[in-house]
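The structure appears right after this line, and notes come after that.
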Amino acid sequence: MKNSYKMFYLFLGLTLAVVLLIFTFLDNRLENKNKDENIAKNQNINKELTQEINVENQEKINKDTIIEYENYYTECEHVVRSFELDKKKYIDMDRDEFKNNFKTEFSTKIIRFDSERVIVRIDKKFLCPNHYVVGEYEGYVSIYKINDKGEKVVFKKLDQSIEFLSDFDKDKLKKGIIVDSIDDIGEIIENFIS
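This is the structure:
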């Protein structure tokens with residue numbers, strides 16, 4: 001008899017535990033569904049408010065706006081900043097008008113746009129103009145500068161002929177040796193002369 005009471009209470013306890021677990025699970029699902037609906041409603045409200053604010057308070061470029069370009073050069077990973085000096089053609093443009101004004105030869109992204117400052121990031125897939133390249137031009141050791149389009153332009157042709165250099169050195173010069181500063185050029189040229 002004592003065993004049957006124990007079994008009854010054990011069965012009753014297990015049944016209550018299972019019922020509690022089921023109700024807790026159902027309550028959590030219902031609560032999560034309500035949260036998801038509320039989040040979706042809040043997102044829609046935020047989107048509508050943002051659109052209203054943008055329509056009412058659309059920023060435009062004025063004569064005092066600073067227009068800054070962050071030129072990111074992928075080959076050397078340098079960022080060179082420059083500023084727009086002639087802003088007349090951009091005055092009274094909003095963000096979309098300004099963005100449509102760019103050439104598509106480079107990847108551009110507007111980082112900041114307000115009446116105080118406009119910052120545009122331009123990704124360029126070549127070396128920045130702060131580099132030099134030691135190479136070969138017309139059979140002589142030459143120094144190249146990088147222009148705004150990423151092209152090598154002869155900066156200085158030296159008197160050192162590549163005629164007497166080893167094949168290894170000739171190949172290095174034909175490929176070009178990238179140098180970070182004018183001071184580093186002297187060291188590299190010394191190695192070829194000696």
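Quick note, the sequence shown lines up with residues 1 to 194 if you use the UniProt record's numbering.
Yeah, the Cβ is synthetic: ideal placement off N, Cα and C, and Gly gets one too.
Best match in the options for proximity to residue i [C-alpha to C-alpha]
{"i": "residue 113", "options": "61, 136, 177", "result": "61"}
{"i": "residue 90", "options": "148, 109, 117, 70", "result": "117"}
{"i": "residue 70", "options": "83, 64, 173, 175", "result": "83"}
{"i": "residue 80", "options": "16, 126, 20, 162", "result": "126"}
{"i": "residue 85", "options": "22, 111, 63", "result": "63"}
{"i": "residue 76", "options": "178, 144, 162", "result": "178"}
C-alpha distance - residue i paired with residue j, whole-angstrom precision
{"i": "residue 180", "j": "residue 78", "result": "11 Å"}
{"i": "residue 184", "j": "residue 155", "result": "15 Å"}
{"i": "residue 121", "j": "residue 152", "result": "23 Å"}
{"i": "residue 55", "j": "residue 119", "result": "In this predicted model, residue 55 has a pLDDT of only 46, less than 50, meaning its place in the structure is not dependable; the value taken from the coordinates is given anyway. Cα-Cα distance, rounded: 21 Å."}
{"i": "residue 170", "j": "residue 148", "result": "27 Å"}
{"i": "residue 4", "j": "residue 13", "result": "14 Å"}
{"i": "residue 146", "j": "residue 128", "result": "7 Å"}
{"i": "residue 136", "j": "residue 186", "result": "15 Å"}
{"i": "residue 176", "j": "residue 164", "result": "18 Å"}
{"i": "residue 17", "j": "residue 7", "result": "15 Å"}
{"i": "residue 92", "j": "residue 111", "result": "19 Å"}
{"i": "residue 160", "j": "residue 130", "result": "24 Å"}
{"i": "residue 100", "j": "residue 21", "result": "59 Å"}
{"i": "residue 166", "j": "residue 87", "result": "53 Å"}
{"i": "residue 23", "j": "residue 11", "result": "18 Å"}
{"i": "residue 191", "j": "residue 138", "result": "20 Å"}
{"i": "residue 97", "j": "residue 144", "result": "38 Å"}
{"i": "residue 168", "j": "residue 102", "result": "44 Å"}
{"i": "residue 28", "j": "residue 19", "result": "14 Å"}
8 Å Cβ cutoff met for residue i and residue j
{"i": "residue 157", "j": "residue 140", "result": "yes"}
{"i": "residue 182", "j": "residue 134", "result": "no"}
{"i": "residue 124", "j": "residue 73", "result": "yes"}
{"i": "residue 95", "j": "residue 68", "result": "no"}
{"i": "residue 65", "j": "residue 115", "result": "yes"}
Residue environment, residue i, which counts as buried when at least 16 other CB atoms sit within 10 Å
{"i": "residue 142", "result": "buried"}
{"i": "residue 26", "result": "exposed"}
{"i": "residue 105", "result": "exposed"}
{"i": "residue 9", "result": "exposed"}
{"i": "residue 173", "result": "buried"}
{"i": "residue 162", "result": "buried"}
inquiry  = Extract the residue ranges of the alpha helix (DSSP H) inside the segment 98-183, only unbroken runs of 4 or more that lie entirely within it.
reply    = 167-175
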